[in-house]
Structures are given as C-alpha cells and as structure tokens.
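Engineer: Taken in sequence, the protein lines are chains A and B.
Sequential numbering of the first sequence, starting at 1, is according to the numbering used here.
Sequential numbering of the second sequence, starting at 324, is according to the numbering used here.
Below you will find the structure I want to go over with you.
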Amino acid sequence: MNHLPLAAALILATAVPAAANRVFVSNEKSNDVTVLDSDTLEVIGTYPVGNRPRGIAISPDGSELYICVSDDNIVRVFDPETMEELHTLPSGPDPELFVLHPSGNPLYIANEDDNLVTVVDTQTHERLAEIPVGVEPEGMGVSPDGKTVINTSETTNMAHFIDSETFEIYANTLVDSRPRFAEYNHDGSKLYVSSEIGGTVSVIDPTTQQIVDKIEFEIPGVLPEAIQPVGVRVTNDGSKVFVALGPANRVAVIDGETDEIIDYLLVGQRVWQMAFTPDESLLFTTNGNSNDVSAIDVESLEVVKSIQVGQQPWGVVVAPDAQ
Amino acid sequence: MRNWLFGVAIWTAAAGIAGAQPAHDPTWPCIQRKQPHLSLGQVWTGPQPDDATAAIARDPEVRRLAAYLEQRRVPMEDAEARITEFAEDADNQHLTALMSAVFHQIEPERSALIDGIARYGTSQQDLAKRIEARRAKMEELEAAASPDFDAIDAEEEALDWDERIFTDRRQSLTYVCETPIILEQRAFALGRAIASHLK
C-alpha cells in the first residue's frame with residue numbers, strides 16, 4: 001500500500017518524457033560532487049571539485065553549477081552536464097553558503113571567516129560589494145521578489161535584513177543560538193530561520209521583521225541536545241515546511257499554515273541540507289555521518305530510498321527542468 | 324618553529340572562541356560538536372523499550388548476540404545475517420530488546436571515548452601553556468647580561484620535547500575525533516537492520 005504513490009509516480013514518470021533531473025550532492029570530506037538521477041535514484045557519477053565543497057546552487061536556466069569550495073577560499077563554477085570547471089568567482093575566506101538572486105544574478109556569499117557577505121556578478125565575475133555583517137556569517141536567504149537578502153550570523157545570533165539594491169542592512173532580528181539557515185515561503189509572507197544550538201525555528205514576519213512564532217521540537221527517545229535544526233525547505237504552495245534536524249537523524253514536517261509539527265521522518269545520520277525536485281514529488285536530504293542521501297516522497301511523507309554518496313555529504317541541489 | 328607556534332596559536336584561539344559560547348565546552352578539541360550522549364531515538368524508530376523488553380535484553384542469549392553485533396570487525400553483512408536468524412522467531416518486543424541491548428553496549432563505550440577526548444583536549448591546552456612559559460623563560464635567559472648557556476641548552480631541550488609531543492598529538496586528533504562517529508554509524512546501521520524485521 002505504501003508503495004502505491006511511488007508506483008504511481010513511476011508510471012507518470014515513464015509516461016511523461018524528460019522527467020529526470022540531475023541531483024548534485026557536495027561531499028565535504030571526499031572533496032567531490034556525486035551526481036544522481038532523480039528518476040532512477042542511481043548514481044550517475046562522482047567528480048572532484050576542490051577542497052571542502054559545501055554550499056551548492058544552480059542557475060535558473062540550469063547552465064551553471066556553483067560550489068563553495070571552502071578550503072580553496074573560492075567559488076568554482078561547473079558545467080552541470082559535463083562537470084567541467086568553467087571559471088571561478090571571488091569570495092572571502094572560507095565561503096560556506098550562498099544564495100542566488102531569483103533572476104540568477106548576483107550571487108550572495110557568506111564568508112565564515114571575515115564577517116562579510118560578498119556579492120558577485122555571475123555574468124562579469126566581478127565583486128559588486130562586500131557587506132559587513134555579524135560574527136561568523138552562515139545562512140543566506142533571498143525574498144521571492146529579490147528585494148531583500150537575509151544573512152544569519154552564528155555567533156551574533158541575528159538574522160540581518162539586507163536591501164539588495166543598496167547593500168545596506170535595514171533590520172536585524174535576534175533569534176536563538178547559532179542561526180544556520182534562512183528560507184522564505186514562496187509568497188514571501190513568512191521567513192523561517194533555524195537555530196542549531198537553540199534547537200528552534202523562528203517564524204518571522206518579513207514586513208515587521210518580528211518573530212511571530214517559534215517552532216520547538218520534541219522527539220520521544222531523543223535527547224534535546226541532539227535536535228539541531230539546520231536546513232529548511234518550503235513547498236511552493238507554502239503548505240509544508242521541512243526542517244533537517246542534524247544529529248537527531250530526522251526531518252521534521254511542519255504545517256506551513258499553523259506552524260504545527262505533522263511528523264518526524266527518520267532519514268540518515270546528521271541530516272544537513274535538502275532540495276526538492278522541480279515538480280516537488282521528491283525531497284533529497286544529505287546525511288553527513290551515514291554518507292548517504294535520502295529521497296522523501298513529499299506527498300506520502302515516506303522515505304523511499306537511501307543512496308550512498310561520497311564522504312560527508314553537505315549540500316544538495318536539483319537541476320531545473322530542461323528548457 | 325613557526326609551525327608549532329601556529330599550532331599553539333590555533334589551539335588557544337579555538338579555546339577562546341569556544342569559551343565565548345556557553346553551549347561549547349572549552350576543553351573539547353574536535354571540529355565535530357560535542358555530544359556527550361547518544362540517545363536510542365537517534366538510531367531507532369521502533370517501539371520504546373519498557374520493563375518487559377528490559378528483562379528480555381538481560382537474557383544471556385540476547386546479550387551475547389548484542390555483544391557480537393557491536394564489534395566493528397564483524398562485517399555488516401554477517402551482522403545482518405545473524406539479525407535475520409534472530410528475527411525468525413522474534414516478535415517486536417524481542418527485536419526492541421535486542422536493539423536496547425546493542426545500544427547499551429555501544430553508548431557507554433562512546434561516552435567513555437568522549438570523556439577521553441575531553442581529557443586529551445585539556446592536557447593539550449596545558450601543554451600549550453607550558454610551551455609558552457618555556458619560551459618566555461628562554462627569552463629571559465638569553466637576555467641576561469651574562470647568559471647561562473647550560474641552562475639555556477637544558478631549557479631548549481625540554482622545549483623541543485614539549486613541541487614534539489604537542490605536534491604529534493595534534494596530528495592524531497583528526498583520527499581521535501572520528502571514533503565517536505564510527506560508533507554512531509555502527510549503532511545506526513544495526514538499528515536500521517533490526518528495525519527492518521519489525522512486524
């Protein structure tokens with residue numbers, strides 16, 4: 001019975017051509033990227049990309065794959081089809097995570113070691129600005145209209161609201177300890193900020209920059225300190241929010257309307273970041289300590305497969321549909 | 324010389340950053356966040372153990388099997404085969420008891436390891452302080468109007484040894500810090516294998 005939705009998805013997938021997308025997973029420790037097929041859920045190949053790859057993103061047209069290679073202190077850009085390096089983009093020291101403007105340009109990079117967010121033009125490869133933020137900048141988010149960029153600073157415990165035109169911080173919201181990730185829902189009415197040590201997700205109203213709700217997690221048989229929220233993803237309709245809970249080895253599913261927890265799904269060890277397929281049928285999670293990726297059926301909330309990848313998978317991105 | 328100095332600086336800086344965050348333990352030397360205890364729910368989604376499963380977990384046969392499964396030199400395929408054999412006439416209560424027994428073998432071992440790493444971190448910090456003190460003393464001896472060259476030689480030799488020990492320990496730290504994760508991986512893999520037989 002449980003396999004029915006998957007079976008239906010597979011039938012649909014075979015009926016509609018070109019449904020497969022490439023899934024790119026950055027492996028922090030083995031210094032490579034594993035490429036998966038979203039249809040067969042099999043590994044297509046593994047490609048060296050530089051030292052300590054973490055943040056990973058793809059351009060909206062699917063032509064460029066961006067990877068923060070933290071120990072090389074640079075962003076490397078690859079052809080997603082051939083996995084050949086095209087060029088590099090400047091960043092500050094130890095780039096960890098970045099976010100692309102919805103238009104695909106520019107790229108906003110959090111540099112963990114120098115308390116700056118670097119803004120880089122993806123066309124000219126020029127550095128447009130360096131924005132001073134709090135200590136140990138980490139999470140990056142961008143509003144759906146592209147007007148606001150969010151950076152979270154791990155030690156200052158703030159979400160900084162940055163105007164994407166002037167590059168100035170116009171508001172700061174204090175959140176719980178060690179904010180890791182910032183994600184808007186698609187109508188821009190809610191901003192979710194996860195706090196790894198605080199163990200919470202703050203729900204922020206972007207217009208007032210005030211916290212309107214705080215999601216707390218409790219899992220039977222799991223010590224509270226093992227619950228460390230990191231990656232956050234929201235479905236397009238805003239109805240479901242997924243939160244990766246790190247060493248709790250689970251993904252929390254939250255009702256996007258009520259902010260109530262619907263379920264906890266056991267995935268792999270130290271679950272870190274997540275990415276949807278464009279049709280949102282599957283959600284992929286990187287599990288750093290079990291060296292695998294879990295594929296979650298978004299509709300049935302079942303973990304349908306674990307796929308072994310490289311050493312310490314960190315980030316994941318799925319290529320857009322072919323245009 | 325510059326290398327070890329850099330090492331001491333990094334060590335002290337790391338301790339400083341860690342000290343600024345109350346959630347961090349300043350004696351903890353690993354990049355991985357300190358997690359003193361593992362909880363069963365991190366590696367198991369089956370029923371929670373109760374008094375009845377605790378009694379079964381104490382059964383010598385279950386304990387022997389748990390002790391066998393826990394050994395890292397036993398390949399997972401062999402462990403899975405033994406679990407399948409056990410599962411043939413085991414209900415959920417017995418499977419939960421087996422997992423509970425496995426967990427209670429691995430958890431204390433892991434906690435002891437974590438304590439050991441913390442001790443290692445503390446002694447490394449002490450050594451870094453001693454190296455700094457020895458260097459200060461060397462400078463003092465060398466700056467004297469009539470330097471005592473025998474004392475300088477003795478101090479230099481002691482300093483060389485301390486530096487060597489410090490560097491050797493720092494190099495083995497990466498491996499030391501990985502060991503708790505290896506135990507967690509084993510617990511998780513066994514949890515997944517046992518849970519696959521839940522009815």
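For each residue, glycine too, the CB sits at the ideal point set by N, CA and C.
Computed from a prediction, not measured in an experiment: that's the story for all the values here.
1) Can you find a C-beta in chain A that's less than 9 Å from the C-beta of Q371 (chain B)?
2) DSSP on F217 (chain A), reduced to helix/strand/coil?
3) What's the C-alpha gap between D491 (chain B) and T445 (chain B)?
4) Measuring only the C-alpha atoms, how far is P345 (chain B) from D471 (chain B)?
5) Who pairs with L174 (chain A) in a beta bridge, going by DSSP?
6) Along the alpha helix (DSSP H) that carries E194 (chain A), what are the first and last residues, could you check?
7) Does DSSP put R233 (chain A) in a helix, a strand or coil?
8) DSSP three-state call for D476 (chain B): helix, strand or coil?
9) Is there a Cβ of chain A sitting closer than 9 Å to that of A390 (chain B), yes or no?
10) How about A244 (chain A) and G231 (chain A): do their beta carbons lie closer than 9 Å?
11) Report yes if the CB atom of V303 (chain A) is closer than 9 Å to the CB atom of L265 (chain A), and no otherwise.
12) So, A481 (chain B) versus V366 (chain B), is the Cβ gap smaller than 9 Å?
13) Just verifying my parser: in three-state terms, what is the DSSP assignment at D72 (chain A)?
14) Determine the burial state of D438 (chain B): buried for a count of at least 16 other Cβ atoms within 10 Å of its Cβ, exposed for fewer.
15) For G364 (chain B), which residues in chain A fall below 7 Å Cβ to Cβ?
16) 9 Å is my cut-off, CB to CB: does L266 (chain A) come that close to chain B?
17) Express the C-alpha separation of R54 (chain A) and I307 (chain A) in angstroms, rounding to a whole number.
18) Do we get a CB-CB distance below 9 Å when we pair W484 (chain B) with the residues of chain A?
19) Please list the partners that F511 (chain B) has in chain A, where partner means a Cβ-to-Cβ separation under 9 Å.
20) Of the residues A:V99, A:Y192 and A:N51, which one's Cα is nearest the Cα of I215 (chain A)?
21) Which two residues bound the contiguous beta strand (DSSP E) that contains Q273 (chain A)?
22) From what residue to what residue does the beta strand (DSSP E) around G188 (chain A) run?
23) Just reading off the alpha helix (DSSP H) that E465 (chain B) is part of, what are its end residues?
24) Under DSSP, the alpha helix (DSSP H) around P383 (chain B) begins and ends at which residues?
25) If you check the beta carbons only, do N289 (chain A) and G268 (chain A) fall under 9 Å apart?
26) Kindly indicate which residue of B:T376, B:E393 and B:L450 has the alpha-carbon position closest to the one of R487 (chain B).
27) Is the region 72-91 of chain A in contact with the region 286-301 of chain A, if contact means three or more CB pairs nearer than 8 Å?
28) Where do the N-terminal and C-terminal ends of the beta strand (DSSP E) with R22 (chain A) fall, by residue?
29) If the criterion is Cβ atoms closer than 9 Å, does the pair G139 (chain A) and A110 (chain A) meet it?
30) Could you check whether the Cβ of L361 (chain B) sits closer than 9 Å to any Cβ belonging to chain A?
31) Within 9 Å (strictly less), CB to CB, does T350 (chain B) reach chain A?
32) Can you confirm whether Q447 (chain B), when its beta carbon is compared against all beta carbons of chain A, has any partner nearer than 9 Å?
Structural biologist: Here's the rundown:
1) On the second sequence, residue 371 (chain B) is found 48 positions in, with the first residue counted as 1. Cβ-Cβ to chain A under 9 Å: yes for Q371 (chain B).
2) Stepping through the first sequence from its first residue, residue 217 (chain A) is reached at position 217. In this structure, F217 (chain A) counts as coil in the three-state DSSP scheme.
3) For this step, residue 491 (chain B) is matched to residue 168 along the second sequence. For this step, residue 445 (chain B) is matched to residue 122 along the second sequence. Their Cα atoms are separated by approximately 16 Å.
4) To locate residue 345 (chain B), count along the second sequence from 1; it is residue 22. To locate residue 471 (chain B), count along the second sequence from 1; it is residue 148. With a pLDDT of 39 at P345 (chain B), under the threshold of 50, the modelled position of this residue cannot be trusted, and the question is left open.
5) Numbered from its first residue, the first sequence carries residue 174 (chain A) at position 174. For L174 (chain A), which the question treats as bridged, DSSP gives the partners A:M158.
6) The residue labelled residue 194 (chain A) in the question sits at position 194 within the first sequence. Note on residue identity: the sequence assigns Ser, not Glu, to residue 194 (chain A). That residue, S194 (chain A), is in no alpha helix (DSSP H); its beta strand (DSSP E) goes L191 to S195.
7) Position 233 of the first sequence holds residue 233 (chain A). Strand.
8) If you number the second sequence from 1, residue 476 (chain B) lands on position 153. If DSSP states are grouped into helix, strand and coil, D476 (chain B) belongs with the helices.
9) Position 67 of the second sequence, counted from the first residue, corresponds to residue 390 (chain B). Not an interface residue.
10) Here residue 244 (chain A) is taken as the residue at index 244 of the first sequence, counted from 1. Here residue 231 (chain A) is taken as the residue at index 231 of the first sequence, counted from 1. In contact: A244 (chain A) and G231 (chain A) (Cβ atoms closer than 9 Å).
11) As a position in the first sequence, residue 303 (chain A) is number 303, starting the count at 1. As a position in the first sequence, residue 265 (chain A) is number 265, starting the count at 1. For V303 (chain A) and L265 (chain A), yes; Cβs fall inside 9 Å.
12) The count along the second sequence starts at 1 and reaches residue 481 (chain B) at position 158. The count along the second sequence starts at 1 and reaches residue 366 (chain B) at position 43. Cβ atoms of A481 (chain B) and V366 (chain B): not closer than 9 Å.
13) Residue mapping note: residue 72 (chain A) aligns to position 72 of the first sequence, counting from 1. Reduced to three states, the DSSP call for D72 (chain A) is helix.
14) On the second sequence, position 115 is the one that residue 438 (chain B) refers to. Result: exposed.
15) Residue mapping note: residue 364 (chain B) aligns to position 41 of the second sequence, counting from 1. What G364 (chain B) touches in chain A: I219, P220, G221 and V222.
16) Numbered from its first residue, the first sequence carries residue 266 (chain A) at position 266. Yes - at least one Cβ of chain B is within 9 Å of the one on L266 (chain A).
17) What you label residue 307 (chain A) is simply residue 307 of the first sequence in a count that begins at 1. What you label residue 54 (chain A) is simply residue 54 of the first sequence in a count that begins at 1. So the two alpha carbons sit approximately 19 Å from each other.
18) Start at 1 with the first residue of the second sequence, and residue 484 (chain B) comes out as number 161. No, W484 (chain B) lies away from the interface with chain A (no Cβ there is under 9 Å from its Cβ).
19) If you number the second sequence from 1, residue 511 (chain B) lands on position 188. Neighbours of F511 (chain B) on chain A, chain order: N249, G268, Q269, N289 and S290.
20) Position 215 of the first sequence, counting from 1, holds the residue named residue 215 (chain A). Closest by alpha carbon: A:Y192.
21) Here residue 273 (chain A) refers to the residue found at position 273 of the first sequence. Here the beta strand (DSSP E) through Q273 (chain A) covers V271 to F276.
22) For the purposes of this step, residue 188 (chain A) is identified with residue 188 of the first sequence, where counting begins at 1. Run containing G188 (chain A): none; DSSP gives neither H nor E here.
23) Here the question's residue 465 (chain B) lines up with position 142 in the second sequence. N415 to A466 is the span of the alpha helix (DSSP H), which, as asked, contains E465 (chain B).
24) Stepping through the second sequence from its first residue, residue 383 (chain B) is reached at position 60. Its alpha helix (DSSP H) spans residues P383 to E393.
25) Taking the first sequence and counting its residues from 1, the one referred to as residue 289 (chain A) is at position 289. Taking the first sequence and counting its residues from 1, the one referred to as residue 268 (chain A) is at position 268. Closer than 9 Å, so yes.
26) One-based indexing of the second sequence puts residue 487 (chain B) at position 164. Residue B:L450 is the option with its Cα nearest to R487 (chain B).
27) no
28) Taking the first residue of the first sequence as 1, we reach residue 22 (chain A) at position 22. Run containing R22 (chain A): R22 to N27, per the beta strand (DSSP E) assignment.
29) In the first sequence, residue 139 (chain A) corresponds to position 139, counting from 1. In the first sequence, residue 110 (chain A) corresponds to position 110, counting from 1. Yes. Within cutoff.
30) Start at 1 with the first residue of the second sequence, and residue 361 (chain B) comes out as number 38. So, interface residue.
31) Sequence index remark: in the second sequence, residue 350 (chain B) carries index 27 (1-based). Output row for T350 (chain B): interface = no.
32) For the purposes of this step, residue 447 (chain B) is identified with residue 124 of the second sequence, where counting begins at 1. Not closer than 9 Å to any Cβ of chain A, the Cβ of Q447 (chain B) fails to qualify, so no.
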